[in-house]
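Numbering (the numbering used here), first residue to last: 44 to 852.
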Amino acid sequence: MRSLIPPRAATRPLALVCALVLAPLAGCATPCVGVLKPAAKQVVRYNNTGGAALKAGKIDEAIRNFELALKLEPLYIQALANLGYAYYLKGQYDNAVIRLRLAIENCPDYADSYNYLGLVYWHGFNDPAKAEEQFRTAIDTYPTFAEAMYNLGELYYSQSRKAEALEWYKRAARTDPSFAKANVKAGLIYLQNGYSKEAEQHFQLALDQDPDLALALYGLGRLRLKKEQWVEGIDLLRRARKADPSFRPAKTLLDWAVRKAPERIAKRYIERAHAELDKGDKGDLDRALEDLAIARRIDPDSIDVLVLAARVLLEQGRVKDAQRQLRKAYAKDPRNRDVRFLSAVIFLRNKEYAKAVAVLRKLCREAPRSLKFHNYLAVAYFYRKEYRKAERHWKIALDLEGSEAQKKQVRDNLAKLAKIPHIRRANELVEQGDRLRARGDLEGAMTFYRQAATLDDPFALAHARIAEVALEQGDLATARRKAEDALKRDGDLPFAHIVMGRVLLRERRLREAKKRFDEAAELAPYLGDPLYYLAVVAEQSQRPDIARKLLEKAIVTDPRHVPAFVLLARLHRREGNYTQAENYLNLAATAAEKDDPRVFTELGRLYLAMDKTEDAQQAFELAHQLAPEQPAPWEGFAEARERQGDTVAAAGAYAQAAAAYLARHDPDTAAVMARRAVRLAPEAAEPLRQLGLALEAQGKPTEALATLRQATEKEGGENLLAWFSLGEFYERRGERAQAAEAFEHVIRLNPKNYFALEKLASLYREGAERPVSRRQAIEYLRQALQLDPRPEAQAQIRAALRSLEGGGS
Numbered sequence: 044m045r046s047l048i049p050p051r052a053a054t055r056p057l058a059l060v061c062a063l064v065l066a067p068l069a070g071c072a073t074p075c076v077g078v079l080k081p082a083a084k085q086v087v088r089y090n091n092t093g094g095a096a097l098k099a100g101k102i103d104e105a106i107r108n109f110e111l112a113l114k115l116e117p118l119y120i121q122a123l124a125n126l127g128y129a130y131y132l133k134g135q136y137d138n139a140v141i142r143l144r145l146a147i148e149n150c151p152d153y154a155d156s157y158n159y160l161g162l163v164y165w166h167g168f169n170d171p172a173k174a175e176e177q178f179r180t181a182i183d184t185y186p187t188f189a190e191a192m193y194n195l196g197e198l199y200y201s202q203s204r205k206a207e208a209l210e211w212y213k214r215a216a217r218t219d220p221s222f223a224k225a226n227v228k229a230g231l232i233y234l235q236n237g238y239s240k241e242a243e244q245h246f247q248l249a250l251d252q253d254p255d256l257a258l259a260l261y262g263l264g265r266l267r268l269k270k271e272q273w274v275e276g277i278d279l280l281r282r283a284r285k286a287d288p289s290f291r292p293a294k295t296l297l298d299w300a301v302r303k304a305p306e307r308i309a310k311r312y313i314e315r316a317h318a319e320l321d322k323g324d325k326g327d328l329d330r331a332l333e334d335l336a337i338a339r340r341i342d343p344d345s346i347d348v349l350v351l352a353a354r355v356l357l358e359q360g361r362v363k364d365a366q367r368q369l370r371k372a373y374a375k376d377p378r379n380r381d382v383r384f385l386s387a388v389i390f391l392r393n394k395e396y397a398k399a400v401a402v403l404r405k406l407c408r409e410a411p412r413s414l415k416f417h418n419y420l421a422v423a424y425f426y427r428k429e430y431r432k433a434e435r436h437w438k439i440a441l442d443l444e445g446s447e448a449q450k451k452q453v454r455d456n457l458a459k460l461a462k463i464p465h466i467r468r469a470n471e472l473v474e475q476g477d478r479l480r481a482r483g484d485l486e487g488a489m490t491f492y493r494q495a496a497t498l499d500d501p502f503a504l505a506h507a508r509i510a511e512v513a514l515e516q517g518d519l520a521t522a523r524r525k526a527e528d529a530l531k532r533d534g535d536l537p538f539a540h541i542v543m544g545r546v547l548l549r550e551r552r553l554r555e556a557k558k559r560f561d562e563a564a565e566l567a568p569y570l571g572d573p574l575y576y577l578a579v580v581a582e583q584s585q586r587p588d589i590a591r592k593l594l595e596k597a598i599v600t601d602p603r604h605v606p607a608f609v610l611l612a613r614l615h616r617r618e619g620n621y622t623q624a625e626n627y628l629n630l631a632a633t634a635a636e637k638d639d640p641r642v643f644t645e646l647g648r649l650y651l652a653m654d655k656t657e658d659a660q661q662a663f664e665l666a667h668q669l670a671p672e673q674p675a676p677w678e679g680f681a682e683a684r685e686r687q688g689d690t691v692a693a694a695g696a697y698a699q700a701a702a703a704y705l706a707r708h709d710p711d712t713a714a715v716m717a718r719r720a721v722r723l724a725p726e727a728a729e730p731l732r733q734l735g736l737a738l739e740a741q742g743k744p745t746e747a748l749a750t751l752r753q754a755t756e757k758e759g760g761e762n763l764l765a766w767f768s769l770g771e772f773y774e775r776r777g778e779r780a781q782a783a784e785a786f787e788h789v790i791r792l793n794p795k796n797y798f799a800l801e802k803l804a805s806l807y808r809e810g811a812e813r814p815v816s817r818r819q820a821i822e823y824l825r826q827a828l829q830l831d832p833r834p835e836a837q838a839q840i841r842a843a844l845r846s847l848e849g850g851g852s
């Protein structure tokens, strides 16, 4: 059985071996070096060089130097014994025996030769009897040879002769008090046999000689844990791990200790970390993190550990690491105020002011007497240029209890606000526009954004907002122009780069779009949007692997980025990873503050891919309820119905999808949807009507007219919408007679259709009695006034009647 310590570590230190060259009597009872030739200094130099190489683990180099020494002096005993030991380390045991026996024959009193030969017999030839004989001879030859005593103890220990091993370990330690390993092994035997006091004495003696001796730290740690001194035991095992990371028993015992330690021990470590954080030195902060790591392993559910770790990391300037800790804490307790406050502080550092405001507003409502919360909320509003809100919260903070330093800071900040009123007003206009936009009033929002841009022309955000609304309205020319205006005014505004990138994305200019999103990501690495849009570019460039990586980064950056989760789910669905796709959709649903139609739409597509048609249909219906104006739910619903064989319902849904895409200024996709509807229901009028409208929007008037006429022929020529759309088509092209004919057909089919009546009245022109005369226009308007229930329409009809009856145009 081999020694518990590697052969080289279980031998006499090479520094001592090299020292024997200069003091030969220290290693043997009788000097056996003999008379050296004139080259004696060179012999010593080679031997010393070989010893240094051996100590550095360069065995071949050591052998070469020992052989050079022996070439000059063949019976130089130290070199001969060292060469035998080197061959032993290299595994050439026969060569080792030859050299060591030669050394013994020429110098029987050189104890190291016997010690080395004992190691060869034990580890090389597995002959413990001969090894024991050699170790004993070494000790007889040199009675204070502690290394040989230790090796003999190791041999006995390997044979389970622990009592004899203990005796030799103790003798080695008494002979050489600095021999720490001997004390350690003696301590381990005492520990294994239940003699804690004696074990502790030996471990402490070893540590007095070598404070970083892993085995001694491990043994003492075991003793402390046995006495349930958890903190002391864990700390000793941590030191053992740091001293020797490869020492697995220390890791195993440390893992066990942190699993078994009571939760109260975690509080001890937390208290210690608090004290270290208060000191604030770099070393103290590092120790605080180490203590918190242990505390968390003992009590994985402790929010305090994560919060304190985040504070320490923030103190060190490691903002991203602090964010990770807070995300974990938030997952455990989303209502914890310390977690949310520190998250807000990080948002402020990262210039994510909107997020900081959202968190701090809730905290102020929950703790209205907290000066700290109101102060930080005001700071967030200030950096967002929402100056009136900042002023309000700073005034509240002044009336709350706090230190004089905090109050002075608040007063100074309030003084700054009075100097920039026009900026405050511009921000208020933008805020009003945002509210209108959230309610779907894009034109109203555009009005406020334009006022803000006029009031404060360098206000790049207002120009970027105009560009974004124009993009949603399908006005790419305006969107591009205003995005360029925003970038001219502030080239470092990430939002402006994102909007410009979205414009380029809509124009299918992927390379240019990518440059914009890259710029936004560089300017604002804390935002998820640039990474998300880069992933969209990658997806459209047929590079799903890159898209996935970008989306994963976006989610890490912003764990509540719903579009990123949805797009990840879509990519996995396309590759057939349905389980992973479903997981991401669950995460998206969790991240969304309320039910999100995008999540249900993608869930429906996933169910379609999994052949769960009924589940898909339900998901699309939910998505449609949440966002009736969106085309995707209609498209998915149509696919589900088509799979179920319900072609009529599928055609109707495709037609609705076409109408929705037209409303979003996407005639190409609308045409695709309409053609699918026509394929499923060739005799229906509505699919043809939608196809005609899409063709007109694509700039194909001839095909559009033919298709609309074809729609009026379907269903017995009685489809009102088909005729009405045909009339509007003629009206848009200035063909008033044909328009009147189509609207009159609508009236013949439904005399109470006030839309057609109003259209016919609008065809009247002053001085032209055809196709609609003044008298006819008045009659149409009177009928419409009785039928149209809309108040705004009633007002317009009365105004038109007054104009016609009074002789105006």
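Ideal Cβ positions, reconstructed from N, Cα and C, are used throughout, including at glycine.
Touch test, the stretch 703 to 711 against the stretch 679 to 694, Cβ-Cβ under 8 Å, three pairs minimum: no
C-beta contact flag for N393 and F425 at 8 Å: Here residue 393 refers to the residue found at position 350 of the sequence shown. Here residue 425 refers to the residue found at position 382 of the sequence shown. Result no, Cβ atoms of N393 and F425 do not sit closer than 8 Å.
Among F416, K428, S446, R427, the one whose alpha carbon lies nearest that of W437: For the purposes of this step, residue 437 is taken as residue 394 along the sequence shown, with counting starting at 1. Ranking the options by Cα distance to W437, first place goes to F416.
DSSP three-state assignment for L256, whether helix, strand or coil: Against the sequence shown, residue 256 aligns to sequence position 213. Coil at L256, not helix or strand.
Candidates A242, S413, L231, P744, of which the one nearest Q449 by Cα: Locating residue 449 in the sequence shown gives position 406, counting from the first residue. It is S413 whose Cα lies nearest to the Cα of Q449.
Any 3 or more C-beta pairs closer than 8 Å across the stretch 506 to 520 and the stretch 541 to 551: yes
Buried/exposed call for S221, threshold 16 Cβ in 10 Å: On the sequence shown, position 178 is the one that residue 221 refers to. Counting Cβ neighbours within 10 Å, S221 comes out exposed, since fewer than 16 surround it.
V599 versus E409: straight-line alpha-carbon distance, rounded: Your numbering for residue 599 matches position 556 in the sequence shown. Your numbering for residue 409 matches position 366 in the sequence shown. Looking at the two C-alpha atoms, the distance is approximately 28 Å.
Within-8 Å CB hit, A242 to chain B: In the structure shown, chain B does not exist; there is a single protein chain.
Run of the alpha helix (DSSP H) containing A724, from where it starts to where it stops: For the purposes of this step, residue 724 is taken as residue 681 along the sequence shown, with counting starting at 1. Looking at the DSSP string, A724 is not in any alpha helix (DSSP H), and its letter there is neither H nor E.
Close Cβ partners of D103 (< 7 Å) along its chain, the five nearest in sequence each way excluded: The residue given as residue 103 occupies position 60 in the sequence shown. Same-chain partners within the cutoff: there are none.
8 Å Cβ cutoff met for Q366 and L328: What you label residue 366 is simply residue 323 of the sequence shown in a count that begins at 1. What you label residue 328 is simply residue 285 of the sequence shown in a count that begins at 1. No. Outside cutoff.
Beta-carbon separation (whole angstroms), I313 vs D347, contact threshold 8 Å: Counted from its first residue, the sequence shown places residue 313 at position 270. Counted from its first residue, the sequence shown places residue 347 at position 304. The pair is a contact, with the Cβ atoms about 6 Å apart (cut-off 8 Å).
Chain-order list of residues whose beta-carbon lies under 8 Å from that of L320 (same chain, five-residue window excluded): Locating residue 320 in the sequence shown gives position 277, where the first residue counts as 1. Excluding sequence neighbours, L320 sits near D327, L328, A331, L351, R354, V355, E358.
Buried versus exposed call for D601 [16 or more other C-beta atoms within 10 Å across all chains shown]: Position 558 of the sequence shown, counting from 1, holds the residue named residue 601. Result: buried.
Inter-residue spacing [alpha-carbon to alpha-carbon] between V382 and A372: In the sequence shown, residue 382 corresponds to position 339, counting from 1. In the sequence shown, residue 372 corresponds to position 329, counting from 1. Distance between the alpha carbons of V382 and A372: 7 Å.
Residue environment, S846, which counts as buried when at least 16 other CB atoms sit within 10 Å: Within the sequence shown, residue 846 is the residue found at index 803, counting from 1. Exposed is the call here.
Between the CA atoms of P794 and E848 - distance to the nearest angstrom: To locate residue 848, count along the sequence shown from 1; it is residue 805. To locate residue 794, count along the sequence shown from 1; it is residue 751. Distance between the alpha carbons of E848 and P794: 23 Å.
Those runs of the beta strand (DSSP E) which lie wholly inside the stretch 628 to 700 and span at least 3 residues: none
Opening and closing residue of the alpha helix (DSSP H) in which K270 lies: Locating residue 270 in the sequence shown gives position 227, where the first residue counts as 1. Run containing K270: none; DSSP gives neither H nor E here.
CB of P730 within 8 Å of CB of A717, strictly: Start at 1 with the first residue of the sequence shown, and residue 730 comes out as number 687. Start at 1 with the first residue of the sequence shown, and residue 717 comes out as number 674. Contact flag set, yes.
L824 beta carbon less than 8 Å from that of A843: The residue you call residue 843 lines up with position 800 of the sequence shown. The residue you call residue 824 lines up with position 781 of the sequence shown. A contact, by the Cβ cut-off of 8 Å.
Three-state secondary structure (DSSP) of K592: On the sequence shown, residue 592 is found 549 positions in, with the first residue counted as 1. The answer is helix: DSSP assigns K592 an H, G or I state.
Contiguous alpha helix (DSSP H) assignments of at least 4 residues, all confined to the stretch 545 to 578: 553 to 566
For G100, three-class secondary structure by DSSP: Counted from its first residue, the sequence shown places residue 100 at position 57. Coil, per DSSP.
Rounded separation between E787 and L803 - CA only: Start at 1 with the first residue of the sequence shown, and residue 787 comes out as number 744. Start at 1 with the first residue of the sequence shown, and residue 803 comes out as number 760. The alpha-carbon atoms of E787 and L803 are separated by roughly 8 Å.
Every unbroken alpha helix (DSSP H) inside the stretch 731 to 762 [4 residues or more]: 744 to 756
Assigned exposure category for Q660 - 16 Cβ within 10 Å defines buried: Residue 660 sits at position 617 when you count from the first residue of the sequence shown. Counting Cβ neighbours within 10 Å, Q660 comes out buried, since at least 16 surround it.
Rounded C-alpha distance that separates L266 from A293: Within the sequence shown, numbered from 1, the residue matching residue 266 stands at position 223. Within the sequence shown, numbered from 1, the residue matching residue 293 stands at position 250. Each residue's alpha carbon lies about 13 Å from the other.
Coil, strand or helix - E778 by DSSP: If you number the sequence shown from 1, residue 778 lands on position 735. Here E778 sits in coil by DSSP.
Nearest candidate by alpha-carbon position, reference D219, set E471, P186, V422: Your numbering for residue 219 matches position 176 in the sequence shown. Out of E471, P186, V422, P186 has the C-alpha closest to the C-alpha of D219.
8 Å Cβ cutoff met for L651 and A693: Here residue 651 refers to the residue found at position 608 when the sequence shown is read from its first residue. Here residue 693 refers to the residue found at position 650 when the sequence shown is read from its first residue. No, the pair does not count as a contact, with Cβ atoms beyond the cut-off.
Cβ neighbours of E801 in the same chain (closer than 6 Å, five flanking residues each side left out): The residue given as residue 801 occupies position 758 in the sequence shown. Taken in chain order, the residues that qualify are A827.
Entirely enclosed alpha helix (DSSP H) segments - the stretch 359 to 400, minimum 4 residues: 362 to 375, 380 to 392
Beta-carbon proximity of L280 to L258, cut-off 8 Å: Translated into positions along the sequence shown, residue 280 becomes position 237. Translated into positions along the sequence shown, residue 258 becomes position 215. No, the Cβ-Cβ distance between L280 and L258 is not below 8 Å.
Exposure of R454, with buried meaning 16 or more beta-carbon neighbours within 10 Å: Numbered from its first residue, the sequence shown carries residue 454 at position 411. R454 comes out exposed.
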